[in-house]
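*Asks:* Quick mapping for you: the protein sequence lines, in order, are chains D and B. Sequential numbering from 993 applies to the first sequence in the working numbering. Sequential numbering from 779 applies to the second sequence in the working numbering. Where is the CB? At the ideal position from N, CA and C, for every residue including glycine.
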Amino acid sequence: MESRNTNQAFFQHVDWICIILYLVLIGIGVASIYASKYDFDNTELLSFAKPSGRQVAWIGLALVIAVVLLLFDGRMYESCAYPIYIIILMALVVTIAIAGDIKGSRSWLVIGPVNLQPAEFGKFATSLALARLFASYNFSLSASRTNYLKALAIILIPVLLIIAQKETGSALAYLALFLVLYREGMSGSVLLAALGAVTIFVIAIKYSDTTFMDMPTGEAIVLMLVMAVMTGMLAIFCKDKKIARNVALWFIGTGLTAWLLHLFDIDLPGTIFFITAISIACIYCFFMGIKTRLNGIYPCVWTAIASVAFLFMVNFVFTEVLQEHHQKRICVLLGLEEDLLGTGYNVNQAKIAIGSGGLSGKGFLNGTQTKLDYVPEQHTDFIYCTIGEEQGFLGSVAVLIIFLLLILRVIHIAERQPSVFGRVYGYCVASFFILHLTINIGMVIGLCPVIGIPLPFVSYGGSSLWGFTILLFILLSIDASRRSHPAYF
Amino acid sequence: MKPERNLDNRKYIIGGIAVLIVIIYTIRLFALQIMESKYKDYADSNAFLKKAIYPSRGVIYDRNGKVVVFNRPAYDVMMIPRDVQDLDTLDFCRAVGISVESLRKRISEMKDKRLNPGYSSYTPQTLLKHLTAEDYGRLQEKLYRFPGLYIQKRILREYNYPGAANILGNIREVSPSDIERDSYYSRGDYTGDLGVEKSYETFLRGEKGEEILIRDVNGRIRGHYEDGAHDKKAISGKNITLSIDMELQTYAESLMRNKIGAVVAIEPSTGEILALVTSPTYDPSLLVGRQRGENYKTLRDDPLKPLLDRSIQGAYPPGSTFKPTQGLILLQEGIINENTLFPCSHGYINGRLKVGCHSHGAPLPLKPAIQTSCNAYFCWGFKSMIDRRAKYGNPANAFETWKNYLVEMGYGYRLGIDIPGESRGFIPNSNTYNKVYGENRWSANSIISVSIGQGEILATPLQIANLSATIANRGKYFTPHVVKSVQDTIIDINYTTPHAVSIERRHYETLAEGMRMAVTGGTCRLANLPDIEVCGKTGTAQNPHGRDHSVFMGFAPYHDPKIAICVYVENAGFGATYGVPIGSLLIEKYLTGDIAENRKYIEQNMLNANTIINSGVKKH
């Protein structure tokens, strides 16, 4: 093929904005790692004995990888997607078998002097496979259940393998791909349901230590929310407004009755009261559904029933499904436990480090909390602390904005792809960035439970740096050669 | 469903999610970094270990430049409980030479909020106090093995003389109320207690320094914060020179051994106190170091009250040493002149009232009355003044006039010596008697005993010595003080400004002559030294506690006084028996540096005498 011409054109077509943002982020990363592990005695940046020195080496390799990836023809990835996916899956399986135990996780492959974490490379492989699936001729998520199952399988196989490596955090990151499914046609109600489930979970756990009408306050709040949401949904989705009005009147009426009785010192048992009220409303709606044949009624009813069912599962999930350290992390996050020397220590120290930064920070290399090891994992998962402490509010927000620009740019690139493959892959990249940003920074500033996943390009670590570099540069490679895609003409 | 149609809009939703999250996180960062200030403090307390550097405390010299009190380093083991990790107790105990049990006990005491109200696992706590230099050396080598422990250097006092405890005072650890009163102190600091250590605390203590160390999460010190730019050097305390002559002081203490009482010697021309002795006393080094608490308790519970500084806190009837004041007042008020005669028929007899006196020629004028310490003379004099209604209107007015002279002479109020705890003694005023007898229902005879220094009158040995100094100066005195100078500081003007008594100098000359006569041919003959013209006045103070107190007040030389003195020995009988010999020995010692051979026997007698047995205090 006209390789020379393409090569020339190619560097013109590469998305330089992305590359600049990428370079800025890895630059911030090295500086922060240097600062976080700054040694008063050994101030050398490039010493290989120090994380910042090693990170510089990883970056060198990453840049080589990036250039090589850009030199490939973007169309090649589509054909290699499944083989790459399978190779990585095999690597994950092998890792489980041969990896040694490092801090309770079996996710590291030791190859000579380098430790690799295959889970980080699973991200681009899974994205390629998912993109390849959607690029199949005439593939549409909504076309059949089998298509959903295929997509879910591609996502969940690596998730299960990584969970088997005891890297729950990394596995959770793959749930980001549900955003891609959403973009490609999955109903938004799945995301809303997930949001609803989290809301119910948080409220039920957070307010479980006080009681209201003989039941935990949290559960009572959730049940009242269910009543409100059900009424609201009926009002929106059901054409017959009388039904919504009747349900609303019923809920208000029973509520007022209960309150009046309470004034006369007769307290109804909360569980029975709410369940009865909601059940009667549901039965009424079913009855009206059959009578009026209005389909809009059913989703409202199912939502209410599912929410109530989920609510009563929450306790079970919390105490039986989650491991003890997960429970603790959640309790600490929700402010139910202090435990400043145990589980809460990390988050508390992280908050102290960031909070002490003030508006403009203490200045590069002047942070005390991160440098003196008060913040654990300060150069890997908690790297954002160093930025917060030394660069203050301005620096922290600047990093957030750089990430936001990168994410929006990736979405923009994804949308301009002529091929389904390119677009789906692009969304995979954006989704992973969104999720990592949300969880990593969220945990550092105390808005998410502690889930140990890195901040892309900034956290120390070769595997994560290379994994994300490959993830991004495959997209840039695809994007650079988009003009030669048949659909482009 | 029709898929592709509206899916394109979903890019906005996904982009919107990203934007929303960034906005939420920005708000959160704003709250953490800008709205909340506590994290800055937390960060500082995390990372900075502020360590006090204790300055060396001022050294105390005597008037001749001899070192009296100096510093000795001591080492406290401090513990920050939060930072302690798996303390190897056995290893630690071996290093400091204590048993594991006593360490356990000490730790549980330290953590007991009742015994140690300031306990916090985040702040340094004193684990062990006053390590010896050897233990310190051994521990210092091993210290790196005990994270959370560090050594705090302290300054303790060491004494070159076993005496003068009442003047010097001592140092002790600050109490919570000290910290509340003065923000300079923090827990574990030392402050002066009693004596000049207390009254000159602000000069002696200097100024604490502070070093700000960077401390990592394991409690390891990683250097000085910004290379010590924020450290503060300690400023040494100022040295103090006492007016005390330690040789005289020690000699006086030895003469007062086995006696209860006090000696005060003042340089009249300056008000500088040369010796300030209370007896029984104690060795000030008892109140240093680890044994301080126990020793303090023993001293406090001692029935002879060695912690009471009788020289300034003991309020005694002055007895006949009071008579010169009477002579002065009567002369100044014109009640008598030098030649006025009063009768004495073995006492003052007026109606049914009789105040006894001893044998001497009568009637007699003032100087012989001083010489022989005639009670009747001063009773008559007092009566003539108080009952002179023509001049004063009523006895109450006359008494107020009388009292005001005494106050001028330093009685009835604190003189203002520069060590704490001074007692004011007691001089009644007319109200005192109005309350007892009713207004206008009393006269001189009702209160006649005050004229001879008995009755309600109480004075401290310091006040008596001050009277002696005033007569020596012929009518003025300087506030007595024990500190001659403070390094780089001008001492309080109160100690360098003379107080003049509004009594004419010639009257003082008369009294001085009377006191000279008492030495040459009166009650104080034992003080009649061949080379030194001593003036003196004895006192034999009746008291409700047993035998009379033996008192001597005097000064020398007659014409150029260098020393004024008061000796007060409880329950020792006549003033001439103990007061005069001790007083004369001190005067001789101070002015000639030695005791004449023919007087050594007096010295021996006094050194060996024991009058505690007369005091009625049972010592167990």
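Answer with yes or no whether the minimum CB distance from Gln903/B to chain D is below 7 Å.
*Replies:* No - not a single Cβ of chain D is within 7 Å of the one on Gln903/B.
*Asks:* Between which two residues does the beta strand (DSSP E) holding Gln1104/B run?
*Replies:* Counting along the chain, no beta strand (DSSP E) covers Gln1104/B; the unbroken alpha helix (DSSP H) around it starts and ends at Lys1101 to Gln1110.
*Asks:* Apart from the five residues just before and just after Phe1481/D, which ones in its own chain have a Cβ nearer than 7 Å to its Cβ?
*Replies:* For Phe1481/D, the pLDDT reaches just 49, beneath the cut-off of 50, and the residue's location in the model is therefore unreliable, although a value from the coordinates is still provided. For Phe1481/D, where only same-chain residues beyond five positions count, there are no Cβ hits under 7 Å.
*Asks:* Compare the beta carbon distance of Leu1236/B and Ala1093/B with 7 Å and say whether it is the shorter of the two.
*Replies:* Ala1093/B sits close to Leu1236/B, with the two beta carbons spaced by under 7 Å.
*Asks:* Would you report the Cα separation of Thr1284/D and Tyr1290/D, rounded to the nearest angstrom?
*Replies:* 12 Å
*Asks:* In the DSSP assignment, what residue or residues form a beta bridge with Ile1057/D?
*Replies:* Paired residue(s): none; Ile1057/D is not in a bridge.
*Asks:* The alpha helix (DSSP H) spanning Leu1400/D covers which residue range?
*Replies:* Residues Ile1375 to Glu1407.
*Asks:* Excluding sequence positions up to five away, which residues of its chain have a Cβ less than 7 Å from the Cβ of Val1016/D?
*Replies:* Ile1394
*Asks:* Could you work out which residues of chain B lie near Gly1288/D, taking near to mean beta carbons separated by less than 7 Å?
*Replies:* Neighbours of Gly1288/D on chain B: none; closest Cβ ~16 Å, over 7 Å.
*Asks:* With DSSP as the reference, please indicate the residues paired to Arg932/B in a beta bridge.
*Replies:* Ala852/B
*Asks:* Applying the criterion that 16 or more other CB atoms from any shown protein chain within 10 Å of the CB defines a buried residue, is Lys1343/D buried or exposed?
*Replies:* By the 10 Å Cβ count, Lys1343/D comes out buried.
*Asks:* Pairing CB atoms from the segment 1021-1036 of chain B with CB atoms from the segment 829-845 of chain B, are three or more of them under 8 Å?
*Replies:* yes
*Asks:* Is Ser1348/D close to chain B? Criterion is C-beta to C-beta, closer than 7 Å.
*Replies:* Taking Cβ atoms only, chain B reaches closer than 7 Å to Ser1348/D, which makes this a yes.
*Asks:* DSSP state of Gly1210/D, grouped into three classes?
*Replies:* helix
*Asks:* Using a Cβ-Cβ cut-off of 8 Å (strictly less than) and excluding sequence neighbours within five positions of Gly926/B, which residues of its own chain qualify?
*Replies:* Met857, Ile858, Pro859, Arg860, Asp861, Val862, Gln863, Leu865 and Gly997
*Asks:* Pro954/B by DSSP, collapsed to three states: which one?
*Replies:* helix
*Asks:* Listing by chain order, which chain B residues have their CB less than 9 Å from the CB of Ser1044/D?
*Replies:* Neighbours of Ser1044/D on chain B: none; closest Cβ ~18 Å, over 9 Å.
*Asks:* Determine whether the Cβ of Thr1360/D lies closer than 7 Å to any Cβ atom of chain B.
*Replies:* In terms of beta-carbon proximity, Thr1360/D lines the interface with chain B, with at least one pair separated by less than 7 Å.
*Asks:* Indicate whether at least one CB of chain B lies closer than 7 Å to the CB of Val1389/D.
*Replies:* yes
*Asks:* Which two residues bound the contiguous beta strand (DSSP E) that contains Tyr1126/B?
*Replies:* Gly1125 to Asn1128
*Asks:* Check Ile1462/D in the structure and name its three-state DSSP category.
*Replies:* helix
*Asks:* Anyone know if the C-beta pair for Ser1208/B and Phe1160/B falls short of 7 Å?
*Replies:* no
*Asks:* Which residues in chain B have a C-beta closer than 7 Å to the C-beta of Ala1127/D? List them in chain order.
*Replies:* Those within 7 Å of Ala1127/D in chain B number zero; the least Cβ separation is about 14 Å.
*Asks:* Please classify His1398/B as buried or exposed, where buried requires at least 16 neighbouring CB atoms within 10 angstroms.
*Replies:* Residue placement at His1398/B is poorly supported in this model, since its pLDDT is 47, which falls under 50; the coordinates are not used for a value here.
*Asks:* Residues of the segment 1405-1427 of chain D in Cβ contact with chain B at a cutoff of 9 Å, in chain order, please.
*Replies:* Ala1406, Glu1407, Tyr1419, Ala1422, Ser1423, Phe1425 and Ile1426
*Asks:* Entirely within the segment 1140-1211 of chain B and at least 4 residues each: give me those alpha helix (DSSP H) ranges in chain order.
*Replies:* 1144-1150, 1153-1164, 1167-1170 and 1173-1186
*Asks:* Are the segment 1459-1472 of chain D and the segment 1006-1014 of chain D touching, with three or more C-beta to C-beta distances below 8 Å?
*Replies:* yes
*Asks:* Can you name the residues of chain D whose CB is closer than 7 Å to the CB of Leu810/B?
*Replies:* Lys1343, Ile1346, Gly1347 and Ile1437
*Asks:* Going by DSSP, what residues sit across from Leu1101/D in a beta bridge?
*Replies:* Leu1108/D
*Asks:* Which runs of the alpha helix (DSSP H), 4 residues or longer, sit entirely within the segment 821-904 of chain B?
*Replies:* 867-874 and 878-889
*Asks:* Interface residues of chain B around Leu1400/D at Cβ under 9 Å?
*Replies:* Simply Gly793, Ala796 and Val797.
*Asks:* Would you kindly work out how many angstroms separate the C-alpha atoms of Ile1192/D and Val797/B, rounded to a whole number?
*Replies:* If you take the alpha carbons of Ile1192/D and Val797/B, they lie about 24 Å apart.
*Asks:* For Cys1274/D, report the span of its alpha helix (DSSP H) as first-last.
*Replies:* Gly1262 to Thr1284
*Asks:* The beta strand (DSSP E) that contains Tyr803/B, what's its start and end?
*Replies:* Note, Tyr803/B: premise wrong, no beta strand (DSSP E); alpha helix (DSSP H) at Arg788 to Leu807.
*Asks:* Out of Phe1330/B, Lys976/B, Asn849/B and Ser1063/B, which one is the CA nearest neighbour of Val1260/B?
*Replies:* Lys976/B
*Asks:* Reducing DSSP to helix, strand and coil, say where Pro971/B ends up.
*Replies:* Pro is not the amino acid found at residue 971/B; the sequence shown has Asp there. Three-state result, Asp971/B: strand.
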